[in-house]
Structures are given as C-alpha cells and as structure tokens.
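So the sequences go chain by chain: A and B. Sequence positions in the first sequence follow my numbering and run 5 to 119. Sequence positions in the second sequence follow my numbering and run 7 to 119. I have placed the structure first, in the form of structure tokens, so that the comments after it can refer back to it.
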Amino acid sequence: GNSVTQMEGPVTLSEEAFLTINCTYTATGYPSLFWYVQYPGEGLQLLLKATKADDKGSNKGFEATYRKETTSFHLEKGSVQVSDSAVYFCALIRAGGTSYGKLTFGQGTILTVHP
Amino acid sequence: SQTIHQWPATLVQPVGSPLSLECTVEGTSNPNLYWYRQAAGRGLQLLFYSVGIGQISSEVPQNLSASRPQDRQFILSSKKLLLSDSGFYLCAWSVLSAAPVQYFGPGTRLTVT
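Here it is as structure tokens:
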C-alpha cells in the first residue's frame, strides 16, 4: 500500500536558519505529492504540490522537488521566520484508479522557530 | 469562492453521550467529502469519505458513523462517546481531478470526559 515517512521532530531553529524536512514515500504508479501546513489550533492548508517527476512546487519561500529516483519530496526554505512555526505534513494521492482522491499523510513534523 | 464550515469549534461531552458534528461546503457542487481525526501528537487518520449524497465509505471500524443528507453537508455522529474519541476532527472537500487538492475546515476540538 501507499505510505509516507517524514523525519521525526520536533525541529527547532533560529530565525533566518535554513530548513529541511525530509519526506519519502512508497506508492505504486505515479502519485501526486503535497505539503500541508497546520498552524496552532487550525485546520490544514495546502502549502505546495507537485504532480510529476522533477516538478518543483513552491509557495511562500518554501520549495520541494518531486524526485522519483529517490522517492522523495523534501521541503526546504532558505530563511525561516517565527511565523513559520507550525506542523508540516507530507502527503500523496495515488494517480488514477478508484482512490477517490484519498490522501495518505505522513505523521507530521513540528517546527518551532525562535527569534 | 469556496468555503468550508465546521461546527461547533469546541465541544466537551461526557462518556456515553451522543455526538453530532457538522460540516458544510459552499461554492462548489458534488464535492468529495472527508472526515479525519487527529489525536494529540499524532498525524491524521481518515475516518470516512463520500463521493455523493447518501454514499459513505468507512476507513476505520469504530463507534462513529457519517452521513451525507445533502450534496454539501457531511455529518459525523456517535450514539455513545468513548474517552478514546477525544481529538481534533477535520472535515475536508475536494473535486475529482488528476491531482485533487483537499481543502480543510477549521476543525472541531472534542474532549470526552
């Protein structure tokens, strides 16, 4: 079956530090990949997505590249801010079939950024 | 534009009491609808999804149930709550496409005492 594995947190950084949150996946076919972010007490928001190999998703300074050869979709940001403190979820949807768009989530990585 | 509402925002219920959480979507037709639960310190668990009125698929056996009485309304229910039902319940919607994005509601924080 499909699965997503994220690096264990929590991750604690100082403001303006470089961020990497690792994400690897297992899936048949060619899934679409997503990063969602959850701010404290809120629902999830789509951060970025990539639908095919070598695609780069980007938003709000965050980037992730769909690497089929390493089955990875690592999240990066060059300079984090305190406002980036949140839980980050990597997720996939299996392409086609009868998945009805069901997301498979990783376990989430807590990011805390200090001033 | 599309919006998704959930209520109530927070709920404290005693063990054995019934539950009804509601989710409504505006600005789209025939969406796929989803209920997730997020236990403290854990990831998201898909509970139910629906591709149309009256159509419900359950992902995890439990004492919860879901219903979709209208196209854009999704209800999560229980006849008797357990302590283990505590958590953060999220509703989401999507439209079927090659790479469907799910859009999440603000969530309901349920505490069973």
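Using N, Cα and C, we set each Cβ at its ideal position, and we do this for glycine too.
Buried or exposed by the 16-neighbour rule on C-beta atoms within 10 Å, applied to residue i
{"i": "Val-118(B)", "result": "buried"}
{"i": "Pro-119(A)", "result": "exposed"}
{"i": "Trp-13(B)", "result": "exposed"}
{"i": "Val-91(A)", "result": "buried"}
{"i": "Pro-37(B)", "result": "buried"}
{"i": "Ala-1(A)", "result": "With chain A running from 5 to 119 in the structure shown, residue 1(A) is simply not present."}
{"i": "Ile-97(A)", "result": "buried"}
{"i": "Tyr-43(A)", "result": "exposed"}
Chain-ordered neighbours of residue i on chain A, where CB pairs are closer than 7 angstroms
{"i": "Pro-14(B)", "result": "Neighbours of Pro-14(B) on chain A: none; closest Cβ ~14 angstroms, over 7 angstroms."}
Chain A contact residues for residue i, given Cβ-Cβ distances below 9 angstroms
{"i": "Phe-54(B)", "result": "Here the premise fails: no neighbours, minimum Cβ distance about 11 angstroms."}
Proximal chain B residues relative to residue i, where beta-carbon distance stays under 9 angstroms
{"i": "Phe-109(A)", "result": "Tyr-42, Gly-49, Leu-50, Gln-51, Leu-52"}
Contacts that residue i makes with chain A (C-beta to C-beta distance below 8 angstroms)
{"i": "Leu-96(B)", "result": "Gly-47, Leu-48"}
{"i": "Leu-112(B)", "result": "In the sequence as presented, Leu is not what sits at residue 112(B); that position holds Pro. The contacting residues are Glu-46, Gly-47."}
Per DSSP, the bridge partner or partners of residue i
{"i": "Lys-60(A)", "result": "Thr-69(A)"}
{"i": "His-118(A)", "result": "Ser-18(A)"}
{"i": "Ile-10(B)", "result": "Val-31(B)"}
{"i": "Leu-79(A)", "result": "Ile-25(A), Ala-68(A)"}
{"i": "Leu-50(A)", "result": "Tyr-40(A)"}
{"i": "Thr-119(B)", "result": "The partner list for Thr-119(B) (beta bridge, DSSP) is empty, contrary to what the question assumes."}
{"i": "Thr-9(A)", "result": "Thr-28(A)"}
Chain-ordered chain B contacts of residue i [CB-CB under 7 angstroms]
{"i": "Gly-112(A)", "result": "Gly-49"}
{"i": "Lys-81(A)", "result": "Residues of chain B passing the Cβ test: none, with the nearest at roughly 21 angstroms."}
Contacting residues, own chain, Cβ-Cβ under 6 angstroms from residue i (five flanking each side not counted)
{"i": "Ser-56(B)", "result": "Leu-39, Ile-62, Arg-74"}
{"i": "Asp-88(A)", "result": "Val-117"}
{"i": "Lys-81(A)", "result": "Leu-23, Gly-65, Phe-66"}
{"i": "Thr-69(A)", "result": "Lys-60"}
{"i": "Gln-79(B)", "result": "Thr-30"}
{"i": "Gln-8(B)", "result": "Gly-33, Thr-34"}
{"i": "Thr-75(A)", "result": "Thr-28, Tyr-29"}
{"i": "Ser-3(A)", "result": "Only positions 5 to 119 of chain A appear in this structure, which leaves residue 3(A) out of reach."}
Residue i: contacting residues in chain B (beta-carbon distance under 8 angstroms)
{"i": "Phe-93(A)", "result": "Gly-49, Leu-50"}
Same chain only: Cβ atoms within 7 angstroms of residue i, ignoring 5 sequence neighbours per side
{"i": "Asn-63(A)", "result": "Leu-51, Leu-52"}
{"i": "Met-11(A)", "result": "Ile-25, Asn-26, Thr-113"}
{"i": "Phe-109(A)", "result": "Val-8, Phe-93, Ala-95"}
Other residues of its chain near residue i: CB distance less than 8 angstroms, five sequence neighbours each side excluded
{"i": "Val-15(A)", "result": "Leu-23, Ile-25, Thr-113, Ile-114, Leu-115, Thr-116"}
{"i": "Gln-76(B)", "result": "Ile-59"}
Chain B contacts from the segment 39-53 of chain A (Cβ-Cβ distance under 9 angstroms) | Tyr-40, Gln-42, Gly-45, Glu-46, Gly-47, Leu-48, Gln-49, Leu-50, Lys-53
Chain-ordered residues of the segment 74-92 of chain B with a beta carbon less than 9 angstroms from chain A | none
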